[in-house]
Amino acid sequence: MVYARLLTSPMPSGRVRSIDASEALRMDGVLGILTADDLPSSSAPAEPVLASEDVTFVGQPILAVAAISDEIADSAIDRIKVDYEYRPFVTDPLESLVEGGPNAYLDGNVLQQTNSLEDENATIRGGFGTIKWPAGEVERFRNGQEPRNVGFA
């Protein structure tokens with residue numbers, strides 16, 4: 000069986016300068032270490048699975064260790080050295096609105112992301128010809144068939 004443990008951020012706002020996992024990787028029983036660099040890019044950059052550079056909350060996962068036991072995974076986490084750059088933070092949302100005040104999300108805090116199509120009427124090319132789909136049909140398949148503002152009970 001494989002066991003995993005997460006190394007999480009000890010600070011509410013900062014930047015990961017470097018990670019030194021060499022000592023943990025040399026341990027017997029450690030199968031591997033997974034960082035954001037090992038994952039495919041995400042379509043939701045504001046909520047990464049593992050923090051690649053910017054840390055935006057205490058407990059944010061930075062890396063995962065896979066090992067043959069809980070104890071070895073915990074010990075490996077303790078041997079990993081992470082160099083953080085501390086950033087100022089606020090706990091009052093109104094303070095974050097002050098001009099030049101700290102903001103955990105350097106690129107802004109976007110509630111919903113949308114993708115744009117280069118061509119409003121997307122074209123699918125097949126072996127026997129060209130099929131055109133109206134933009135509404137493309138949206139239906141791209142976003143799922145449920146409207147985004149529907150609540151579920």
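Taking numbering that gives the first Met the number 0, the leading residue of the sequence shown gets 0, the next gets one more, and so forth.
Just so it is clear, CB atoms sit at the ideal spot from N, CA and C, and this is done for glycine as well.
Everything numeric in this text was worked out from a predicted model, so none of it was measured.
Cβ pair residue i, residue j closer than 7 Å
{"i": "V57", "j": "P11", "result": "yes"}
{"i": "V29", "j": "A23", "result": "yes"}
{"i": "L5", "j": "P87", "result": "no"}
{"i": "L153", "j": "A72", "result": "Nothing about residue 153 can be read from this structure; the chain reaches only from 0 to 152."}
Option in the options with minimal Cα separation from residue i
{"i": "M26", "options": "G13, L5, Q59 and D77", "result": "D77"}
{"i": "D82", "options": "A3, P9, P101 and M0", "result": "P9"}
{"i": "K80", "options": "Y2, D36, V15 and L38", "result": "V15"}
{"i": "V54", "options": "A72, D37, S17 and D69", "result": "S17"}
{"i": "A3", "options": "D36, S95, D69 and E46", "result": "D69"}
{"i": "L33", "options": "E98, V1, Y85 and L62", "result": "L62"}
{"i": "G13", "options": "E52, A75, L96 and P47", "result": "E52"}
{"i": "D91", "options": "P39, P101 and P47", "result": "P101"}
{"i": "G31", "options": "A75, S40 and E46", "result": "A75"}
{"i": "M0", "options": "E46, P39, L38 and I67", "result": "I67"}
DSSP three-state assignment for residue i, whether helix, strand or coil
{"i": "I67", "result": "coil"}
{"i": "A40", "result": "Before going further, note that residue 40 is Ser rather than Ala in the sequence given. Correct three-state label for S40: coil."}
{"i": "D91", "result": "coil"}
{"i": "A50", "result": "coil"}
Delimiting residues of the alpha helix (DSSP H) encompassing residue i
{"i": "S17", "result": "Careful: S17 lies outside any alpha helix (DSSP H), inside the beta strand (DSSP E) at G13 to D19."}
Limits of the beta strand (DSSP E) - the one that residue i falls within
{"i": "D82", "result": "K80 to Y85"}
{"i": "G31", "result": "V29 to T34"}
{"i": "T7", "result": "Y2 to T7"}
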